[in-house]
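Participant: Dropping the structure in here first, questions after.
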């Protein structure tokens, strides 16, 4: 038996944090055939759990940085790759695919 929080449709919706995601979740759960409702619920519960975990990691990182310390965890700096990719897109007139 799980000792974690009890998940409900309302709790999933709130945990998603985004009106667009909340609408998408509501649309999926509303349109799901009866035999798939639990699978849809479980899918979105997982998304909500990962969202809450990411928010918590972000809060911890922000608190560590604000305190002048190192941000916890391993981080890969991809700033240069993002800038290079953006330059390629601009060079191709935004028509990169």
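In this note's numbering, the protein residues as written are 13 to 109.
Positions of the beta carbon are idealized from the N, C-alpha and C atoms, including for glycine.
What's the C-alpha gap between residue 108 and residue 16?
Facilitator: Working through the chain shown from its first residue, we reach residue 108 at position 96. Working through the chain shown from its first residue, we reach residue 16 at position 4. Note that residue 108 scores 48 on pLDDT, short of 50, meaning its location in the model is unreliable; the coordinates nonetheless yield the value given after this. Each residue's Cα considered, the two are about 45 Å apart.
Participant: Under 8 Å by Cβ, that's how I've got residue 46 and residue 24 pegged, so tell me the actual separation to the nearest angstrom.
Facilitator: In the chain shown, residue 46 corresponds to position 34, counting from 1. In the chain shown, residue 24 corresponds to position 12, counting from 1. The Cβ separation is near 19 Å, so there is no contact.
Participant: According to DSSP, simplified to helix, strand and coil, what is residue 68?
Facilitator: Within the chain shown, numbered from 1, the residue matching residue 68 stands at position 56. Residue 68 falls in the helix class under three-state DSSP.
Participant: Once DSSP output is grouped into helix, strand and coil, what is the label at residue 32?
Facilitator: Walking along the chain shown from the start, residue 32 turns up at place 20. Reduced to three states, the DSSP call for residue 32 is helix.
Participant: If we count Cβ pairs, one from each stretch, closer than 8 Å, do we get three or more for the region 49-60 versus the region 19-38?
Facilitator: Short answer: they touch.
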